[in-house]
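**Student:**
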Amino acid sequence: MKIGILVNEGPFTHQASDSAYRFAEAAIVRGHEVSRVFFYNDGVFNANKLSEPQTDDRNLVQLWSELGKANGIDLVVCIAAALRRGIKEEVLKDGFRISGLGQLVEAGIENDRLVVFGD
Amino acid sequence: MKIGILVNEGPFTHQASDSAYRFAEAAIVRGHEVSRVFFYNDGVFNANKLSEPQTDDRNLVQLWSELGKANGIDLVVCIAAALRRGIKEEVLKDGFRISGLGQLVEAGIENDRLVVFGD
Amino acid sequence: MEPWEEEGPEVVKRFMYVNRKAPYGTIYALECLEVVLIAAAFDQDVSVVFVDDGVCQLKKNQDTAAIGMKNFSNTYRALDDYDVEKIYVEKESLEERGLSAEDLIIPVEVVAAGNLREIMAQQDVVISS
Amino acid sequence: MEPWEEEGPEVVKRFMYVNRKAPYGTIYALECLEVVLIAAAFDQDVSVVFVDDGVCQLKKNQDTAAIGMKNFSNTYRALDDYDVEKIYVEKESLEERGLSAEDLIIPVEVVAAGNLREIMAQQDVVISS
Amino acid sequence: MSKMLHLINKSPFDRNNLDSCLRLAAAGSSVLLIEDGVYGAMSKASSAGAVSKRMEDLTFYVLGPDVSARGLDDTPLIDGINVVDYGGFVDLVAEHDVAQSWL
Amino acid sequence: MSKMLHLINKSPFDRNNLDSCLRLAAAGSSVLLIEDGVYGAMSKASSAGAVSKRMEDLTFYVLGPDVSARGLDDTPLIDGINVVDYGGFVDLVAEHDVAQSWL
Chain H
655 MKIGILVNEG PFTHQASDSA YRFAEAAIVR GHEVSRVFFY NDGVFNANKL
705 SEPQTDDRNL VQLWSELGKA NGIDLVVCIA AALRRGIKEE VLKDGFRISG
755 LGQLVEAGIE NDRLVVFGD
Chain V
655 MKIGILVNEG PFTHQASDSA YRFAEAAIVR GHEVSRVFFY NDGVFNANKL
705 SEPQTDDRNL VQLWSELGKA NGIDLVVCIA AALRRGIKEE VLKDGFRISG
755 LGQLVEAGIE NDRLVVFGD
Chain R
5 MEPWEEEGPE VVKRFMYVNR KAPYGTIYAL ECLEVVLIAA AFDQDVSVVF
55 VDDGVCQLKK NQDTAAIGMK NFSNTYRALD DYDVEKIYVE KESLEERGLS
105 AEDLIIPVEV VAAGNLREIM AQQDVVISS
Chain Z
5 MEPWEEEGPE VVKRFMYVNR KAPYGTIYAL ECLEVVLIAA AFDQDVSVVF
55 VDDGVCQLKK NQDTAAIGMK NFSNTYRALD DYDVEKIYVE KESLEERGLS
105 AEDLIIPVEV VAAGNLREIM AQQDVVISS
Chain U
-2 MSKMLHLINK SPFDRNNLDS CLRLAAAGSS VLLIEDGVYG AMSKASSAGA
48 VSKRMEDLTF YVLGPDVSAR GLDDTPLIDG INVVDYGGFV DLVAEHDVAQ
98 SWL
Chain W
-2 MSKMLHLINK SPFDRNNLDS CLRLAAAGSS VLLIEDGVYG AMSKASSAGA
48 VSKRMEDLTF YVLGPDVSAR GLDDTPLIDG INVVDYGGFV DLVAEHDVAQ
98 SWL
């Protein structure tokens, strides 16, 4: 089954990104395809490569980037949400790309399921 | 009267930073001294100089920076909260400085009032 | 195989955008509206629902001058231009807040919770913010 | 002039840190604890209050292995080492959740809402997160 | 005893912040409703009864700019709630010993 | 009719998400409690009565990893709630036609 994911919150402050990550991992283990994760609202902060958690804490920016590359997941950061929050190419973690809201609608159209994680 | 302010949320997603800004402005008009604004939790995003709101929207990063410089307000970004969220010197708006949580406790000790804005 | 897959290349899905949050206190109302306006261009079956504090997004006479935030309430009027016509407001949420359809900035369909249950259960994709 | 100003250069203020949020769902519990541990070094009169879902922060037997987040509940034990001894938990909040002092990871003072009112009204600085 | 100013910024329809404040605010304190907290000033609010009940020993304020932003200027507010602007908010902070935000 | 999976991630002590879901979920749907939503699975939760009442026509699940994280493994849950892990979460999403998050 093809699954799309929408993440509305950044790492750390809300559990949304953690939950989405664990869900995506489990979906892949179950043999599903996670085709795209769309980062909206504060979710755009998941792509900030300057993020430097304490060494004994999880690093979601890194985790998403690795999961995306290993499984061909399209990690899309909403350009409108990102611009106002100051997430731009110069701080964008590799594995993510910046694009428009149409990519979210497309994820809804092209996947069998869309699962939303937020506040 | 000497007033300190704590801002726990970033610009845009919650109204906290807007409210804190309007409050600080009004306090200065009333003749009070706003000695320090401490940015904690997601509040550290208020110092991200890459933030680029739409042209017809307010720009809180810019507004805080200007208010701080015009009125000698010490704008302090918590280093622990900022590091995990990827706010570092290279994206820090002028007028802000990064420092430790002790600066928040100090703001509580040295001001007549401490007002907290958050979610 | 899902029902729409039988329709060939022109897939039309029923998309529902659910608003449960008040405006201005958080950005979710505004950023959801931005999604809906984009979604309107995709030739899908779009509906927008307002329940709980979400109904407050449509209150008439919003004036944000003194809080310095952008008043985006007029943008709801653009939904009609974009052919987004299925706009549902839950009756119970309105009444709980002492509001009625006349208090809202755009014409909407006021539906009781029982009917909204049915409408929600007919969607293919539900996006909340 | 405030009362503490009569004490000369060694100002001691009563600081209260108020926790109303559950752990893990949001970071506020953890980041508030980080403030309290720093605050302990300032020789002020520190108290920490847990009300509403905040009492859940102190629940015993937290095990975060499967959610991949850091389990910081043991850090509450450090409050004692830092001489933070005024730890209040609202009785009504505990009872509403079917919890009692025995369910908590550290010894606390369980106080009824009526008493907590008095304690809260004796502070000089209240920090919420 | 410090004279407290309690700040509420959440809708009582959605969150328990106002309820908790009303349970724990000492007599003689004031409560200022800001941001989405201003919905708690509507006479139709679920919490209106609890607010009216504490009118005897608490003083209630609501931030006018947040009321106007939400289009509530034409909506009946609970009797006895005082409307202030940001300058009035500052005055309230100055007149009370401590500000406590119910986040 | 789509078979819906409703996701609740907020504590019913603090927020109205679960209440609204219980009011608007069509018969035959399922509800999965995750994150702080797992407090809604406690038998002592304020919303426990409303949950039990809808056990007849809804199926309830709770995410075990979030229960354990919050130290609730030793706490009585409402009778009839099924515990799943992240793999079970994925299965539920696959078995239902639509996932709806009550944010």
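Protein chains in written order, with this note's numbering: chain H, 655 to 773; chain V, 655 to 773; chain R, 5 to 133; chain Z, 5 to 133; chain U, -2 to 100; chain W, -2 to 100.
Every residue gets a Cβ at the ideal spot worked out from N, C-alpha and C, and that includes glycine.
Is H:G658 helix, strand or coil when you go by DSSP?
**Tutor:** H:G658: strand per DSSP, three-state reduction.
**Student:** V:K742 CB to nearest chain H CB: under 8 Å?
**Tutor:** Yes, because at least one Cβ of chain H sits closer than 8 Å to the Cβ of V:K742.
**Student:** Let me know the beta strand (DSSP E) ranges lying completely inside the region 90 to 116 of chain Z, each 3 residues or longer, listed in chain order.
**Tutor:** Fully enclosed beta strand (DSSP E) runs of 3 or longer: 90 to 94, 113 to 115.
**Student:** Got a sec: which bits of the region 8 to 19 of chain U sit with their beta carbon under 8 Å from any beta carbon on chain W, in order along the chain?
**Tutor:** The residues in question are F10, D11, R12, N13.
**Student:** Identify, in the order they occur along the chain, each residue of the same chain with its Cβ nearer than 6 Å to the Cβ of Z:K90, setting aside the five sequence neighbours on each side.
**Tutor:** Contacts found: S51.
**Student:** Going by alpha carbons, who is nearest to U:N79 out of U:S26, U:Q97, U:V59, U:L19?
**Tutor:** Residue U:V59 is the option with its Cα nearest to U:N79.
**Student:** Anyone know if the C-beta pair for R:L83 and R:I42 falls short of 8 Å?
**Tutor:** No, they are not a contact pair.
**Student:** Under 8 Å by Cβ, that's how I've got V:R738 and H:F666 pegged, so tell me the actual separation to the nearest angstrom.
**Tutor:** Sure, about 6 Å apart at Cβ, within 8 Å.
**Student:** Consult DSSP for H:D728 and reduce its assignment to one of helix, strand or coil.
**Tutor:** Note: H:D728 maps to strand in three-state DSSP.
**Student:** Measure the alpha-carbon distance for Z:Y92 versus Z:L62 and round it to whole angstroms.
**Tutor:** Taking the straight line joining both Cα atoms gives about 11 Å.
**Student:** Rounded to the nearest angstrom, what separates V:I657 and V:V770 at their Cα positions?
**Tutor:** Approximately 11 Å between the Cα atoms of the pair.
**Student:** What residue range is occupied by the uninterrupted alpha helix (DSSP H) comprising U:L21?
**Tutor:** Where U:L21 is concerned, the enclosing alpha helix (DSSP H) stretches over 14 to 21.
**Student:** Rounded to whole angstroms, what's the CA-CA distance from Z:Y32 to Z:K25? Just pull it up for me.
**Tutor:** Z:Y32 and Z:K25: Cα-Cα distance of roughly 7 Å.
**Student:** Along chain U, which residues have their Cβ under 8 Å away from the Cβ of R:E100?
**Tutor:** The contacting residues are F10, K41, S43.
**Student:** Counting only the same chain and skipping the five closest in sequence on each side, list residues whose C-beta sits under 6 Å from that of H:A674.
**Tutor:** Taken in chain order, the residues that qualify are I659, V661, F771.
**Student:** Using a Cβ cut-off of 8 Å, which residues of the region 53 to 69 of chain W contact any Cβ in chain Z, in chain order?
**Tutor:** Listed by position along the chain: G61, P62, D63, S65, A66, R67, G68, L69.
**Student:** For W:P62 and W:Y83, I'd like the C-alpha separation in whole angstroms.
**Tutor:** Approximately 8 Å, taken between the alpha carbons.
**Student:** W:G25 and W:N6 look like a contact to me (Cβ under 8 Å); what is the Cβ gap, rounded to whole Å?
**Tutor:** About 22 Å separates the two Cβ atoms, so there is no contact after all.
**Student:** Comparing alpha-carbon positions, which option in H:D710, H:N725, H:F693, H:T709 lies nearest H:V683?
**Tutor:** It is H:N725 whose Cα lies nearest to the Cα of H:V683.
**Student:** Please tell me whether H:R684 has its Cβ less than 8 Å away from any Cβ of chain Z.
**Tutor:** It does not: the Cβ of H:R684 has no partner Cβ on chain Z nearer than 8 Å.
**Student:** Just to make sure I have the definition right: I need the residues of chain C whose C-beta is within less than 9 Å of the C-beta of V:D773. Which are they?
**Tutor:** As a matter of chain content, chain C is missing from the structure shown, whose protein chains are H, V, R, Z, U and W.
**Student:** Starting from U:D71, find everything on chain R with Cβ-Cβ shorter than 9 Å and list it in chain order.
**Tutor:** Here the neighbours are K64, N65, D107.
**Student:** With distances taken between CB atoms, is the gap from V:E663 to V:D773 smaller than 8 Å?
**Tutor:** Yes; because the gap between Cβ atoms is below 8 Å, this pair is in contact.
**Student:** For the alpha helix (DSSP H) that contains V:Y675, what are its first and last residues?
**Tutor:** From DSSP, the alpha helix (DSSP H) with V:Y675 extends over 670 to 683.
**Student:** Using CA atoms only, rank isn't needed, just tell me which of V:N695, V:P707, V:R690 is closest to V:N765.
**Tutor:** Out of V:N695, V:P707, V:R690, V:R690 has the C-alpha closest to the C-alpha of V:N765.
**Student:** Interface residues of chain H around R:I123 at Cβ under 8 Å?
**Tutor:** In chain order: nothing, as chain H lies at least about 18 Å away.
**Student:** For Z:D49 versus Z:R18, is the C-beta spacing smaller than 8 Å?
**Tutor:** Yes, the Cβ-Cβ distance between Z:D49 and Z:R18 is below 8 Å.
**Student:** Check whether the Cβ of R:K25 lies closer than 8 Å to any Cβ atom in chain V.
**Tutor:** No, because no Cβ of chain V sits closer than 8 Å to the Cβ of R:K25.
**Student:** Going by the DSSP bridge assignment, what does R:P27 pair with across the sheet?
**Tutor:** R:T30.
**Student:** Using DSSP bridges, identify the partner residues of W:Y36.
**Tutor:** Answer is none; W:Y36 lacks a bridge partner.
**Student:** Compute the beta-carbon to beta-carbon distance between V:V759 and V:A735, rounded to the nearest angstrom, for a pair I have assumed lies under 8 Å.
**Tutor:** V:V759 to V:A735, Cβ: 15 Å. No contact.
**Student:** Are the C-beta atoms of Z:Y28 and some chain H residue less than 8 Å apart?
**Tutor:** Closer than 8 Å to some Cβ of chain H, the Cβ of Z:Y28 qualifies, so yes.
**Student:** Does any C-beta atom of chain U lie closer than 8 Å to the C-beta of V:V759?
**Tutor:** Not closer than 8 Å to any Cβ of chain U, the Cβ of V:V759 fails to qualify, so no.
**Student:** Using only CA atoms, which one of Z:N65, Z:D85, Z:V55, Z:Y80 lies nearest to Z:E202?
**Tutor:** This structure does not reach residue 202 of chain Z, given that chain Z is present from 5 up to 133, and the question cannot be answered.
**Student:** With 8 Å as the threshold, decide whether the Cβ of Z:I71 is near any Cβ in chain V.
**Tutor:** No, Z:I71 does not count as interfacial toward chain V.
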